[in-house]
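J.:
Chains as they are written, first to last, in this note's numbering: chain A, 1 to 555; chain B, 1 to 274.
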C-alpha cells in the first residue's frame with residue numbers, strides 16, 4: 001500500500017505555460033530526491049480551452065499520474081470547477097481570485113499581481129512555481145535560481161512577480177520540504193527516451209511530418225542536432241518522410257520515421273516498399289484515438305492490428321511496444337538494430353501517454369545494441385538480393401566498392417535487383433524474404449520479449465503504457481496479481497508465454513473493441529476473464545483501476 | 001569505363017522516345033567520366049511507368065522506387081551521402097501527378113539532384129490515360145471525350161518552384177539532350193531537364209516536334225523572357241531557360257559534412273553524454 005504519493009495539479013487555459021510550470025515543479029521534486037511522474041492534459045488548440053498538468057511524486061517509482069491532488073493551483077474559474085472535487089482531505093486549492101471566488105480555497109489575485117509586474121507580456125505560470133515553493137517553505141533563493149534558469153526572458157519581472165506571490169503564501173506555509181535539493185536527475189518523456197535510445201544505437205536521420213503525439217520526437221531531435229550530430233528533417237508529407245528515410249538507408253545511414261495513425265496510414269505504401277526492397281527502417285507509431293483525425297491530443301491503443309498489418313503484401317516485420325520509459329529507450333535501440341540485422345522495417349508502437357508523459361529516469365546506454373548489418377566484402381559481381389539460407393543478403397553501399405552495382409527494386413526482382421515477372425524468380429525471392437521470419441524470431445530472443453510484474457495467481461495481460469498504469473494500481477490491492485506484458489508482439493514471443501496458452505486472464509487495454517484481447521485469443525488461445533476497456537482518451541487513475549481489478553477477480 | 005548496358009531485355013515499343021533518352025544518358029555518363037564524375041559516383045532513382053524501366057537497362061546503382069516518389073528517395077540518398085551525384089528519372093504523370101509535391105519541394109530546397117522528366121504527355125504504361133501535361137482535349141481511356149483540364153507547363157512550374165537549372169530537350173536530338181544532361185548533373189543545385197518524348201502508342205508527337213522544335217541560342221537573362229519562351233507553342237524551344245547559383249540544401253543543413261562517411265559508431269556515441 002502506497003501512502004506517500006504527493007500530487008500537484010495546475011489548471012488553466014492553453015497558452016498560460018501550465019506544462020512548463022509543472023515541469024519546473026517536477027524538476028524541483030526530482031532535485032529533492034523524489035520519483036516523479038508528469039502527465040499533461042491538453043486540447044487541440046493554442047489559446048483558451050482547459051489544460052491541466054498533473055505531477056505525482058513519491059519516494060518510490062511512480063508509473064502514473066493521480067487524479068486526487070494534495071495541491072491544486074487554478075489560473076481560471078473553469079479549472080476550479082473541473083478539479084476542486086478531486087482535492088484530497090487536508091489538501092489545499094489555490095485559485096485566482098480575479099476570476100473566481102471559492103470559500104474553501106486560498107484566493108490570490110493572480111492576474112492583478114501579474115499585471116503589476118509585466119509592462120508587456122505575461123507569465124502566469126510563475127504563480128504555480130512560487131506557490132509550490134512557498135507552500136513547502138522551500139528557500140526563496142532556490143525558487144529564484146530555478147526561475148532564472150528555466151525562463152530566459154523577462155528575468156527581472158519573473159523574479160519580482162514570484163517574490164510577491166511567495167511572500168503572500170509563505171505566511172500560511174504548512175508543509176516544509178526539508179531536502180538538500182542536490183539530486184541529479186534526468187526528466188524525460190517517452191519520445192525523448194525513444195530518440196536517445198535510437199541515437200545510441202546509431203540513428204543518423206529522423207524524417208517526419210508533424211502529427212501529435214509524435215511531433216515532440218521531431219522537436220527533440222531537431223533541437224539536439226548539434227549535440228548529437230543527427231538530423232531531424234521536417235519533410236513535405238509523411239510520404240516524403242518515409243521515402244527519404246528509405247533513400248538514406250540505401251546510402252548507408254540509419255534512419256527512422258515517426259507519426260501517429262493518420263500519418264502511418266499515408267506511410268503504408270512505402271512501409272510495404274521497405275518490405276520488398278528490404279530496407280532497414282525504424283518506424284515510431286505513437287497512437288491517439290481514431291479513426292481519422294479522432295481526438296488528437298489524447299491517448300489510445302487502437303492501432304495494434306493496424307501496426308501488425310501495416311503495408312500491403314506479405315513480408316517480415318517487427319512490432320514491439322515499450323511498457324515503460326526505460327523500455328522505450330532500450331527498445332528503440334533494439335528495433336533499429338533488428339531492422340538492420342534483418343533488413344526489414346520495425347515498428348515501435350506506443351501511445352500518447354508514454355510518448356508525452358515524463359518521468360525521471362536512470363538510463364544506461366552501455367548495454368544497448370548497435371545497428372549494424374551483414375556487409376558484402378566488395379565482390380565484383382555483387383548481388384543486392386543474393387539468395388542465402390537465412391534470407392539475408394549482404395549489403396554494399398554506393399561508392400564503397402568500385403565496379404559494383406547496387407540495385408534496390410520495389411518491383412519483384414532477381415538477385416541482381418533487376419525486375420522480373422517470372423514465376424520461378426517470384427517464388428525464390430518471396431521464399432528468401434519469408435526465411436527472414438525465422439531469423440527474426442531468433443534475433444528477438446536476444447532481448448527481453450515479455451515483462452512480468454508480480455507473482456500472484458490472478459493474471460492480467462496488458463501492453464504499452466497500460467502496463468505502467470497497472471503497476472501503479474497494484475500498489476492499492478492486496479490481492480495476488482501478476483501483470484504479463486508482451487513487449488514484442490510480432491514475431492510473437494510464444495516460448496515465453498506458452499504457460500498461459502488456453503488459460504483465462506484479465507486483459508486491460510485502451511480500446512473500445514478489445515483488440516488486444518482478440519490478438520491474444522488468436523496468438524495464444526487466451527480466454528478473456530474480464531476485458532477492462534477504457535476509450536475516453538484518458539489514462540486510468542491508479543486507484544480506480546485497482547478497484548476495477550478487484551471487481552474483476554471477485555466477479 | 002564500365003559497360004552501361006544490363007542483360008535485361010528492353011520492352012519499350014519500337015520507336016519509343018525513351019530510346020533517345022537512354023542513349024543520351026549513356027553518352028552523358030561517358031562525358032561526365034571525362035569531367036571526373038566517376039560512374040560509381042552516380043546513383044539513379046526512378047518512379048513507376050514506362051520511364052522507370054530505364055532503371056533496369058542502365059548498369060548503375062540506385063533504387064527503383066514507387067510511383068511519384070523517385071525524388072523523395074533521391075533526396076534521402078543525397079542527404080545521407082552528398083558526394084553522390086543523383087539522377088532521378090520521372091514520368092510526367094509520375095513526377096507532376098502523384099509526385100508533384102516531392103518535385104516542387106526538391107526544387108524549393110534546391111536539393112543538389114538532377115530530375116530528368118520523360119514527358120510523353122500521357123500515361124503510357126497504364127494504356128494512355130491523360131497526364132498532368134496532356135494537352136486540353138487529349139482523348140484517352142479516362143477522358144474519352146477529351147481532357148477538360150488545362151495542362152501544367154513544366155518549365156515555368158519548376159522555375160517558379162525554385163529549381164536553379166531548368167532546361168528542355170527533345171529525345172530525338174540526342175547530342176543536345178546529352179549536353180543538357182551533362183550540364184544539369186554538373187550544376188550544383190536542383191537541375192531539371194524536361195525531355196519531350198513522343199509516345200508512339202498513344203501520343204505520337206514526332207512530326208509536331210520535328211516541325212516546331214527550335215534551339216535557344218543563349219540562356220535568357222530575364223526570367224520574364226524565359227517564361228515567355230518556355231510557354232511558346234508556335235515554336236517549341238529547347239535549351240537552358242534558367243540557371244542561377246543558390247545555396248544547396250545539404251550544405252545549409254550540415255556544411256561540408258558527410259553523414260555516411262562520418263558516421264559515429266555506437267561505441268563513440270556511448271562515450272557521449274547526451
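No residue lacks a Cβ here, since even glycine has one placed at the ideal position from N, Cα and C.
Nearest-angstrom Cα distance between residue 116/B and residue 243/B?
T.: Looking at the two C-alpha atoms, the distance is approximately 16 Å.
J.: If we count the other Cβ atoms within 10 Å of its Cβ and call it buried at 16 or more, is residue 141/A buried or exposed?
T.: Under this definition residue 141/A is an exposed residue.
J.: Going by the beta-carbon positions, is the gap between residue 25/A and residue 8/A smaller than 8 Å?
T.: Yes, they are a contact pair.
J.: What are the start and end residues of the beta strand (DSSP E) that includes residue 192/B?
T.: Its beta strand (DSSP E) spans residues 191-196.
J.: Establish whether the CB of residue 43/B and some CB of chain A are separated by less than 8 Å.
T.: Closer than 8 Å: yes.
J.: How many angstroms separate the CA atom of residue 153/B from the CA atom of residue 510/A?
T.: Going by the C-alpha atoms only, they are around 51 Å apart.
J.: Within the continuous beta strand (DSSP E) that includes residue 243/B, where are the two ends?
T.: Here the beta strand (DSSP E) through residue 243/B covers 236-243.
J.: Looking at C-alpha atoms only, which residue of 483/A, 343/A, 440/A is the closest neighbour of residue 276/A?
T.: Selected option, being the one with the closest Cα: 343/A.
J.: Among 69/A, 75/A, 253/A, 247/A, whose alpha-carbon lies nearest the alpha-carbon of residue 90/A?
T.: Residue 69/A is the option with its Cα nearest to residue 90/A.
J.: According to DSSP, simplified to helix, strand and coil, what is residue 1/A?
T.: Interpretation of residue 1/A is limited by its pLDDT of 37, a score under 50 that renders its predicted location unreliable; the figure taken from the coordinates is listed afterwards. Coil.
J.: Does residue 170/B come out as helix, strand or coil in the three-state DSSP assignment?
T.: Of the three classes helix, strand and coil, the one that applies to residue 170/B here is strand, per DSSP.
J.: For residue 368/A and residue 507/A, what's the separation of their Cα atoms in angstroms?
T.: Straight-line Cα distance between these residues: approximately 31 Å.
J.: Span of the alpha helix (DSSP H) holding residue 250/A?
T.: From DSSP, the alpha helix (DSSP H) with residue 250/A extends over 238-250.
J.: Counting only Cβ pairs nearer than 7 Å, list the residues of chain B close to residue 411/A.
T.: What residue 411/A touches in chain B: 64.
J.: For chain A, is any of its Cβ atoms less than 8 Å away from the one on residue 114/B?
T.: Answer no: the Cβ-Cβ gap between residue 114/B and chain A never drops below 8 Å.
J.: On the CB-based measure, 16 or more other CB atoms within 10 Å of its CB, does residue 265/B come out buried or exposed?
T.: Exposed, since its Cβ has fewer than 16 Cβ neighbours within 10 Å.
J.: Compute the distance between the beta-carbons of residue 239/A and residue 267/A, then report whether it is under 8 Å.
T.: Result yes, Cβ atoms of residue 239/A and residue 267/A sit closer than 8 Å.
J.: Mind checking whether residue 106/A and residue 127/A have CB atoms under 8 Å apart?
T.: Not closer than 8 Å, so no.
J.: Have a look at residue 319/A and residue 473/A and give me their C-alpha separation to the nearest angstrom.
T.: Going from the Cα of residue 319/A to the Cα of residue 473/A covers about 27 Å.
J.: Do the region 16-28 of chain B and the region 172-189 of chain B make contact, defined as three or more Cβ pairs closer than 8 Å?
T.: Verdict: yes, contact present.
J.: Which residue wins for smallest C-alpha separation from residue 256/A, given the options 36/A, 195/A, 512/A, 489/A?
T.: Nearest C-alpha to residue 256/A: 195/A.
J.: What is the DSSP secondary structure of residue 340/A, counted as helix, strand or coil?
T.: Helix, per DSSP.
J.: I'd like to check one pair, residue 90/B with residue 51/B: are the Cβ atoms closer than 8 Å?
T.: Contact flag set, yes.
J.: Assuming residue 553/A and residue 505/A make a contact with CB atoms under 8 Å, what is their CB distance in whole Å?
T.: That belief does not hold up - the Cβ atoms of residue 553/A and residue 505/A are roughly 11 Å apart, past 8 Å.
J.: Should residue 577/A be labelled buried (16 or more other beta-carbon atoms within 10 Å of its own) or exposed?
T.: The structure shown has nothing for residue 577/A, since chain A only spans 1 to 555.
J.: Kindly indicate which three-state DSSP category residue 52/B falls into: helix, strand or coil?
T.: Residue state, collapsed to three classes: helix.
J.: Pick out the complete beta strand (DSSP E) segments inside the region 340-403 of chain A, 3 residues or longer, and give them in chain order.
T.: Within the region 340-403 of chain A, the complete beta strand (DSSP E) runs of at least 3 residues are 345-351, 358-360.
J.: According to a CB-to-CB cut-off of less than 7 Å, which residues of the region 91-105 of chain B neighbour chain A?
T.: Here the close residues are 101, 102, 105.
J.: Determine whether the Cβ of residue 84/B lies closer than 8 Å to any Cβ atom of chain A.
T.: Residue 84/B counts as touching chain A.
J.: Cβ of residue 87/B within 8 Å of Cβ of residue 159/B?
T.: It is not a contact, given that the beta carbons lie outside the stated cut-off.
J.: Measure from the C-beta of residue 265/B to each C-beta in chain A and report whether the shortest distance is under 8 Å.
T.: It does: the Cβ of residue 265/B has a partner Cβ on chain A nearer than 8 Å.
J.: Which runs of the beta strand (DSSP E), 3 residues or longer, sit entirely within the region 23-51 of chain A?
T.: If we require 3 residues or more, the beta strand (DSSP E) runs fully inside the region 23-51 of chain A come out as 35-41.
J.: Determine the direct distance from the alpha carbon of residue 82/B to that of residue 250/A, and round the result to whole angstroms.
T.: Distance between the alpha carbons of residue 250/A and residue 82/B: 13 Å.
J.: Going along chain B in order, which residues have a C-beta closer than 9 Å to the C-beta of residue 334/A?
T.: Under the 9 Å cutoff, chain B gives no residues; its nearest Cβ is about 12 Å from residue 334/A.
J.: How would you call residue 145/B, buried or exposed, if buried means at least 16 neighbouring beta carbons within 10 angstroms?
T.: Residue 145/B comes out exposed.
J.: On the three-pair Cβ rule with 8 Å, is the region 54-65 of chain B touching the region 196-205 of chain B?
T.: With the cut-off at 8 Å, the region 54-65 of chain B and the region 196-205 of chain B do not touch.
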